[in-house]
Amino acid sequence: NRRIFNVNLKLTNYVEAFVDMCGKKCIFLVDTGADISLFKRHLIKPSQAYYPNNQCELQGISSATQKSMGTTETTLVFNGDTTLKHTFHIVNNDILFEADAILGMDFLAKYKACVNYDTWTLTLYTPNEVVEIPIETSPEKDSLLIPPRCEVIRMIKLQNSYTTDMVVQNEEITPGVHTAATIISAERPVVRILNTTDKTAIIKVNKIRLKPLSDYKVIHQKPKDAERLTRLISKLDFANTPEYARDSLKEICTEFQDIFALENEPLSVNNFYEQSIQTSDNVPVYIKNYRLPEAQKEEINSQVQKMLEDGIIENSISEYNSPILLVPKKSKNQKWRLVVDFRNLNKKVIGDKFPLPRIEEILDQMGRAKFFSTLDLMSGFHQIPIEKSSRKFTAFSTNQGHYQYCRLPFGLNISPNSFQRMMSIAMAGLQPDIAFLYIDDIIVVGCSLKHHLKNLRSVFERLRNKNLKLNPDKCKFFQTEVTFLGHQISAQGIRPDPSKYETITNYPTPKNADEIRRFVAFCNYYRRFVPNFADIALPLNKLLRKRAQFEWTESQQQAFDKLKAALISPAVLQYPDFQQQFIVSTDASNAACGAILSQKFEDKDLPIAYASRTFTPGERNKSVIEKELSAIHWAIKHFRPYLYGRKFVVKTDHRPLTYLFTMKNPSSKLTRMRLDIEEYDFVVEYVKGKNNSGPDALSRLDMEDLKNINVCRVTTRAMTSALQTNMNKEEELHTVHKQPDQLRVLEAHPSENLRKLKELKFSKTSYLNNDINIVIEDNKSIILKRLLNRHKNESMDSALEREIRKVDSIIGNEIQTETLKLSAESIIFNFVNMNAFKEICNKVLRNICIKIYKPLIIVTEIDEIEEILRNHHSIPTGGHLGQTRLYRKLKNVYLWRNMKKSIANYVRKCEQCSKNKHQRETKEPMQITTTPVKGFEVVSIDTVGPFTKTTSNNRYAVTLQCDLTKFIVLIPIKDKEANTVAKAIVNQFILVYGPMKYIKTDLGTEYKNHVFTEICELLQIKQLFATVAHPETIGALERNHKCLNEYLRCFVNENRDDWDTWIPYYAYCYNTTPNSVHKFTPFELVFGKTSSIPTDLSNRPPDPLYNYDLYSKELKFRLQNCIQKARKYVVESKSHRVTNENQNCWPVNLKIGDKVLLKNQNRKKLDPLFDGPYEVVDISSVNCLLKDRTNKIIKTHKNRIRKI
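So that you can map any letter, position 23 of the sequence shown is 51 in this note's numbering, and since no number is skipped, the others follow by simple counting.
Here it is as structure tokens:
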């Protein structure tokens, strides 16, 4: 019994939106008669995920019902920036409705849609935004509607004469609208049409030219280079790519196969950047060639010939010459790399500095990233051409000729920075949430599969446009984490890179005094930053004393662990500052080498990362100097992310290494190792061994021991709790009214407060008999005690009646009290039932009244208290009562310690109450804003509307007001598109009154977009935004809108479609009326004179005659005087308003990390008052930044916040 959904196929009312899964704008039929929303299959990208199990039956399409193909979720972008998610049912292309998709009742109900038939707009409501979308009417019959700047596929209606396959001509059918060459069938004629204009085009079907396919000769095109594509796919690493994404990723790589370079293919250069080389003087650097083995000359000539063929080098007549040699590559097969020794040239080359983006700014954008793909350029330096005038500096020679580089070579000290500049230019404009540069890699990020594929496409398109080639062997896709400059970024968030301190964390336990001495010496280097260092290290130092026996006990282990923890604490281990110079300290022992990366922080050398490694058996047999150089070589490569492209210092305790630069023997292994790090810019400094204890200790670690160590890091958090306050004083006793004579015993009402009444008790005299005492207590003090004597064979009823009469008499004569209370669980009811007790007492009592009460249930267990509160507050029968009402409800049944306070805390922490109940709202103190000193320095801008559509097709008006003069300008516009609003402001305000210094707007998409941002940057205007739902930022302009509406209501016609003709009159009226703030007319403050009122022109005397100089001086004086007074009045008015408003403030006390709720501005009657919870991540005066569960950051005013 499946449900059948209705749909409507007629394109009567439609809206336009950009669709994420299509990558373009689409037309949506707004159909209140359709139960669900539909989308045509052929418009959806192949990579879009859908759910075929969610099929449904549709009716209204044809005489029979049809099935959908499944569902898919996508994002719609309205008005340029407003994004809404929705699930559509996918339908086959043969379902013929004229739009691309249908917005049905499921969409309209989800976003609480309202259709305004006056302004003909569709209004959608989200928790923080109201979206207004213009509704377009249906096009003419037998016409096609093509959205602006879009390519669409449309089905056309053919004449009966067309019965065979036809060919659509590739031509421009109307200005800016083109048809693509397409073969169509008579059964299903589908054409592709491109609209390049900025307006929706209506195309007559009969304008599309068709020719029979039989008029053409069909030629089968040869397939693409399938062999190359197969080689490329085999080299790409898809290991980390989810199975469901591999086909989509392969499809993208296939589409962009031209951006990947393969071996034995000529490497191209970029098309936008050339590198120049500047030297300190014009004296040529000419160094004789090294004497090379004869066996290597053939390899050298082969590589030179290959570079000539690829265009990397060219023949040269340069006076410069640098020697060459071959360096073995790290590979299984013996391969060589041709290296030019540019050491002497580098001394003359002027450094090429290039600023890098701040790490914090990139990391701030990484919160949502779940997938990472790293892209590596093929021989990146060789993709940068060298200016022709600079190529002579790179010359080298072989036994077959003299050559120079056409492209940037390896080994030149400016190459790293030049490469980073080139990459930054190439990737300029891509936001960090799409991709960012990491040394010579491009890291593409994505918060979802679809988002990551979209970002990959954006980067691939950029690389294709810039003619840059990737190395497929080094590209890795869909990694779930990546290490970036000391940070490990993954879907779980941003954490410090564990590799920075794993050497210290895994430091093995010392086994003898020498190992202890090395460890303590290492820690001693940073003892200034470790509180109580001497006390902590004392157990270790005891083992270093003369004649001390080595015995490792618990105290030594604790001291060892504390020192290791201190070395990796934030007080010692620092985050890198990339604006400062790095220091690499190294040392080598017989078996291993160690290194510390550090920087100066306030003249203190603090570590950033530690590292160490063991030597291979072959390295252990090398000389001391080779081991020390190997340590430097390895440390620089290890810390490459920090050092690449920057000048740094290498510190070593081996003095001979400082002379390594002067070595000229090309066969020296030291020289070859030195040349391998020639691309790094550094200097070597010698330090004494005793001052190099840190690297020395790391170099002597026994790394074999580390393999057997399991490290477990435990994080603790200090918890503090406030002392509990005493219970509040009990409420005053309610007045007890005297009961009627005929009713002396009754059960007390649960709400009555009986605590201050004297209590009647019945207690056994002993456990051995059944004698009972009658006791009257006042606050646990016994004021009467009688034995209930029962005569032999006397019933309990008779004895009770006799004794109660005596007690009544005693109380009436001696105790002077009117009411007693009696527990319903008293033992007297074990002998006499309650009804009998009531009858007896009502019969004999004359002076007192007895109230029988149910005693309170004493609760001591916290879990039981929580359960009681949940049952009486959170569930439907509890009703989420407030603190006072819940306390009154429970106090007559239960009792526990600090009952009132615990109830208050429980209700205060209830998320449902916080979201759905009205409470005293936050009201932060108003701030006195900066007052401008001249007219049009600060201008507030807003959009008013939508109004009824006028004969000029205007629906909105842009309002602009100067914050100082209050001068207002109103501009009618057709829609709220970014281009429309920006054009109106520039043409009718900025070009008339000049550019302002500051612009204040709300967060409407017509102002928060790249078009408006570019205009502000071009004109050097700073744009200030109001926070969401806080119109006070542009309050004066919002108040002006009320005046505008009042004015228009008085003058518009019956249809209210001529309001745009009255806009100029309202502006004139407002600008020529004295303002209530500064007492001047805005017109006078702008033009230096009062306006002539049209009705008074005939009665006014003529203006006096001026010469130009006199008029200029008087006008200047008048303007200065008026502006000065106006500003004074504006400041006084602001101060007066703030003082009055701040008398009734109710600020909220926030700190970072607090959980808060955010007011739901656009709610319906039964919607929650607040949404959340959100986490406070930053606080700035009256504004704060909140983070939701998806890590989305929201800026809001504190007045919208409710603290949990």
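By construction, the Cβ of each residue, glycine as well, lies at the ideal position given by its N, Cα and C atoms. This one's a predicted model, so the numbers in the text were calculated from it and none came from an experiment.
- Put simply, of His1225, Arg1217, Thr1218 and Asn1188 the residue whose alpha carbon is nearest the alpha carbon of valine 1210 is His1225.
- The bridge partners DSSP lists for lysine 1187 are Phe1198.
- Taking every protein chain shown into account, the CB of isoleucine 211 has fewer than 16 other CB atoms within 10 angstroms, so this residue is exposed.
- Secondary-structure assignment with DSSP links threonine 202 through a beta bridge to Val205.
- Judged by DSSP in its simplified three-state form, arginine 702 adopts helix.
- Comparing alpha-carbon positions, the option among Tyr1026, Lys52, Arg833 and Val43 lying closest to aspartate 59 turns out to be Val43.
- The shortest CA-to-CA distance from lysine 416 to any of Gly408, Glu647, Tyr433 and Phe409 is the one to Tyr433.
- For the 7 Å CB-CB criterion, leucine 850 and leucine 788 form a contact.
- Put simply, the region 448-455 does not touch the region 478-485. Fewer than three CB pairs are less than 8 Å apart.
- Taking the Cα positions, glutamine 94 is about 43 Å away from proline 1201.
- Within a 10 Å sphere around the beta-carbon of glutamate 895 sit fewer than 16 other beta-carbons, which makes this residue exposed.
- If you draw a 10 Å sphere on the C-beta of valine 355, you find fewer than 16 other C-beta atoms in it, and that means exposed.
- In its chain, beyond the 5 residues on either side, Ile174, Ile221, Leu222, Asn223, Thr224, Thr225, Ala229 and Ile231 have a beta carbon closer than 8 Å to the beta carbon of valine 205.
- Buried is the label assigned to aspartate 991, since at least 16 other Cβ atoms lie within 10 Å of its Cβ.
- Contact check for alanine 45 against glycine 132 fails: the beta carbons are separated by 7 Å or more.
- Residue state for glycine 646 is assigned as helix, using DSSP reduced to three classes.
- Valine 612 and tyrosine 314 have their C-alpha atoms spaced approximately 33 Å apart.
- Excluding five sequence positions before and after proline 684, the CB atoms of its chain that fall closer than 7 Å to its own CB belong to Ile653, given in chain order.
- Straight across, the Cα-Cα distance linking lysine 871 with asparagine 801 is about 21 Å.
- Look at the region 127-178 and you find these whole runs of beta strand (DSSP E), each 3 residues long or longer: 129-131, 142-144, 149-154, 157-162 and 171-174.
- The beta-bridge partner set that DSSP reports for isoleucine 999 consists of Val986.
- One thing to note: asparagine 1103 has its Cβ no nearer than 7 Å to the Cβ of lysine 1223.
- Out of Leu353, Gly339, Ile305 and Ser308, the CA that lies nearest to the CA of arginine 319 is found in Leu353.
- Under the three-state reduction of DSSP, isoleucine 664 is assigned to helix.
- DSSP places proline 356 within a strand segment (E or B) once states are collapsed to three.
- Straight-line spacing of the CA atoms in aspartate 134 and leucine 998 works out to 39 Å.
- Remark: three or more beta-carbon pairs, one from each stretch, lie closer than 8 Å, so the region 452-470 and the region 294-311 are flagged as touching.
- Distance from the CA atom of phenylalanine 284 to the CA atom of valine 195, rounded to whole angstroms, is 29 Å.
- For tyrosine 1021, the three-state secondary structure derived from DSSP is helix.
- The C-beta distance from proline 294 to asparagine 317 rounds to 28 Å, too long to fall under 8 Å, and the pair is not in contact.
- Sixteen is the threshold: when 16 or more other Cβ atoms of the shown chains lie within 10 Å of the Cβ of arginine 435, as they do, the residue is buried.
- Membership of tryptophan 1087 in the alpha helix (DSSP H) is indicated by the continuous run 1087-1099.
- Burial is judged here by how many other beta carbons sit within 10 angstroms of a residue's own beta carbon; cysteine 50 has at least 16 and is buried.
- Apart from the 5 residues on each side of it in sequence, lysine 628 sits with its Cβ closer than 7 Å to the Cβ of Gln608 in its chain, given in chain order.
- The C-beta distance from glycine 339 to lysine 398 rounds to 41 Å, too long to fall under 8 Å, and the pair is not in contact.
- Annotation: leucine 572 is outside any alpha helix (DSSP H) and is labelled neither H nor E by DSSP.
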